[in-house]
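Structure first, commentary second.
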Amino acid sequence: MSSQPDLSAYTVFSVMRAVGPPDAPFEGVLARGPGGGMAYLVDRERLEDWPAWRLPPHAHVLAPLDIIRRRDGHDILLPALADRLDRLLSRRGGSSVPLSDGEALTVAVSVLRGLQIAHGEQVDGETASWWVTAEGMPVLVYGPGDGSAVRASADILSTLADGASDEGFAEVLAQSAAAVVEPRTLVRDIERWEDALFAAVQPEPLATDIVGPTGRRARAHAADPLPVDRDAHRRPWWSALAFATDAVLGDAASDLVHRTKAQLARRSGGRVRPVLLAAGLAAVVLVVGLSWPDGGEPDQASGVEVDEPTPVPSESSAEPQVDAAAEDAAAALVRLLDARAGCSDAACRAAAQEDAAQDLPAGAIDAPARTVTLLDDFGGLAVLRVDAPDLRSQLVTVVVTPAGWRIRDAFDVADPPP
Numbered sequence: 000m001s002s003q004p005d006l007s008a009y010t011v012f013s014v015m016r017a018v019g020p021p022d023a024p025f026e027g028v029l030a031r032g033p034g035g036g037m038a039y040l041v042d043r044e045r046l047e048d049w050p051a052w053r054l055p056p057h058a059h060v061l062a063p064l065d066i067i068r069r070r071d072g073h074d075i076l077l078p079a080l081a082d083r084l085d086r087l088l089s090r091r092g093g094s095s096v097p098l099s100d101g102e103a104l105t106v107a108v109s110v111l112r113g114l115q116i117a118h119g120e121q122v123d124g125e126t127a128s129w130w131v132t133a134e135g136m137p138v139l140v141y142g143p144g145d146g147s148a149v150r151a152s153a154d155i156l157s158t159l160a161d162g163a164s165d166e167g168f169a170e171v172l173a174q175s176a177a178a179v180v181e182p183r184t185l186v187r188d189i190e191r192w193e194d195a196l197f198a199a200v201q202p203e204p205l206a207t208d209i210v211g212p213t214g215r216r217a218r219a220h221a222a223d224p225l226p227v228d229r230d231a232h233r234r235p236w237w238s239a240l241a242f243a244t245d246a247v248l249g250d251a252a253s254d255l256v257h258r259t260k261a262q263l264a265r266r267s268g269g270r271v272r273p274v275l276l277a278a279g280l281a282a283v284v285l286v287v288g289l290s291w292p293d294g295g296e297p298d299q300a301s302g303v304e305v306d307e308p309t310p311v312p313s314e315s316s317a318e319p320q321v322d323a324a325a326e327d328a329a330a331a332l333v334r335l336l337d338a339r340a341g342c343s344d345a346a347c348r349a350a351a352q353e354d355a356a357q358d359l360p361a362g363a364i365d366a367p368a369r370t371v372t373l374l375d376d377f378g379g380l381a382v383l384r385v386d387a388p389d390l391r392s393q394l395v396t397v398v399v400t401p402a403g404w405r406i407r408d409a410f411d412v413a414d415p416p417p
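In terms of numbering that gives the first Met the number 0, the sequence shown opens at residue 0 and continues consecutively.
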C-alpha cells in the first residue's frame, strides 16, 4: 500500500487493520462499528470518480452505504469483503470439497441480479470484478478488474457451468453465460433464466473457506478474520443487524423465500416468479443509524430512502376467518397466532397450523405483544416476520388451504432453513 491510514482519526469505529489490493479492491481499513458488525472503510478521495456512486445500496452490487466522518476527512462505508469471487471459485475447484451445484446456484443468481442492476444504471460497460462479502454474498465491485462488468459476469457463469455436476444445470449456466453478453436481453428474460436455474437445483449458502485435510467445509462466516461476536443476539435487533451483519435476517429471509418458492412450484406445477428479499432487507438494516454512539438509540437513516413493510399490530379476533380471498396474509397470521396461543393439543392447533402435529420453535410467535410484518406474498403462500420485545425475531410462512390460511413453518432469524 502506498500509505497507512491514520487509525487514531476514527472515533465511532474500532479499526482492526489496514487492507488493500490484492486482498481488497481499494486501500482502506476493516473496522467494527458500534453495533459490533464488520465494515470496510475507504477514504472518499480515493473514489472520486467511482461508477458505483450512482448505484443504490444493493445486496449484489458494492455501493456506498453511508459516509462516515473522521477527524481528518470522510470515509465511504462498505460491507466487509472476504475475497475475489474468481479466486474463491478457483480455490474451491482445486480443493477436496468442490463447489456444490446449490452453491453455484446462489452465485449464479447473484451474478444475474447484479448485472441487471448494472444495466439498469447504465454502468454494465464499466470495469468491474466480482467479490464475496464476509457473509458469503457475491457482489459486483467497480474499479478493479480486467474487463467490463458484462465480461466479468460471463466469466463467472462459464466457470460455474464447467464445474457443475448436474448436466441440465450446467447447460442452463452455459446458456446464461452466453446471454449476459447482451444485457438488454438478459434483463428482459431474467425471470426465465432464474426459473430454469431454480428448477434444476436447490440453493445453498456459499462457503468462503475450506478446512483442507478433513474435507469439512467452513461456512461463509469463516472468512471473517476477526472473532465472531457471540453476544450479538442479546442486543436490540437494529444494533445486531447493522454494519454488514444484515446477513442473519437477509439470508434467512432469502433462504426461506427460495424454499417456499420451490415448495409452491412443486405443488402448483406452475411458474412462480423468484423473489430475493435479502436485497431489500439489507438496504433497510445497513443504513439504519450508521453513526450511533454506543448504547444510544438509532437516528433517522440518511442517504437512502427505503420503504419498509407495514407492520400489523397483533389484536385478538373474536371470530375465526377462513375466507382467504378477503383476508391478507399479515392479518391472517395475527389471527392464527392468537388462536394457536391457547392450544394444548393437536386438535386445537389444526385450526392454526397446516400440520397440527408440528412443533413450531418458541419465540416471538408466542409473545402476547408482537408485531407481524409481511415480507412477500406469492399468492397463496406468504413469508412474514414476527417481532416481540426481548425475543428473537422469527420468519413464518403461511399458506392457503381449503380451510383458509394456515401456518406452514417458523424459523428463528439466526437459524435459517437448510
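We treat Cβ as the ideally placed atom computed from N, Cα and C, and that holds for glycine.
- A straight-line Cα-Cα distance of about 16 Å links Gly124 and Ile155.
- Looking from the CA of Pro137, the closest CA among Ala338, Arg369 and Leu80 belongs to Leu80.
- Within its own chain, the residues whose Cβ lies closer than 7 Å to the Cβ of Ala387, once the five positions on either side in sequence are excluded, are Ala363, Ala366, Ala368 and Arg369, listed in chain order.
- Counting C-beta pairs closer than 8 Å gives three or more between the region 142-158 and the region 119-133, which meets the contact rule.
- Taking C-beta atoms as the reference points, Leu159 and Val106 count as a pair closer than 8 Å.
- Contact between Leu114 and Val149 is confirmed by a C-beta separation of about 7 Å, below the 8 Å threshold.
- When rounded, the separation of the alpha-carbon atoms in Glu47 and Leu77 is 15 Å.
- Straight through space, the alpha carbons of Ser392 and Ala355 are spaced by roughly 22 Å.
- Here Gln121 carries a coil assignment [DSSP, helix/strand/coil].
- Rounded to whole angstroms, Ser147 and Trp49 show a C-alpha spacing of 14 Å.
- Secondary structure of Leu394 (DSSP, three-state): strand.
- According to DSSP, residue pairing for Gly72 in a beta bridge involves Arg69.
- Ala409 is the residue among Ala409, Glu44, Gly19 and Val41 whose C-alpha sits nearest the C-alpha of Leu335.
- Trp192 and Asp165 have their C-alpha atoms some 16 Å from each other.
- By the neighbour-count criterion, in which a residue is buried when 16 or more other Cβ atoms sit within 10 angstroms of its Cβ, His57 is buried.
- When secondary structure is reduced to three states using DSSP, Phe12 falls in the coil class, being assigned neither helix nor strand.
- In the DSSP assignment, Ala345 falls within the alpha helix (DSSP H) that extends over Ala345 to Arg348.
- With 16 or more other Cβ atoms inside 10 Å of its own Cβ, His118 counts as buried.
- Pairing Ala151 with Gly135, the inter-Cα distance amounts to about 18 Å.
- Taking all protein chains in view, the Cβ of Arg405 is crowded by 16 or more other Cβ atoms within 10 Å, so the residue is classified as buried.
- The alpha-carbon of Val179 is positioned some 53 Å away from that of Ala346.
- For Thr132, the enclosing beta strand (DSSP E) begins and ends at Thr126 to Thr132.
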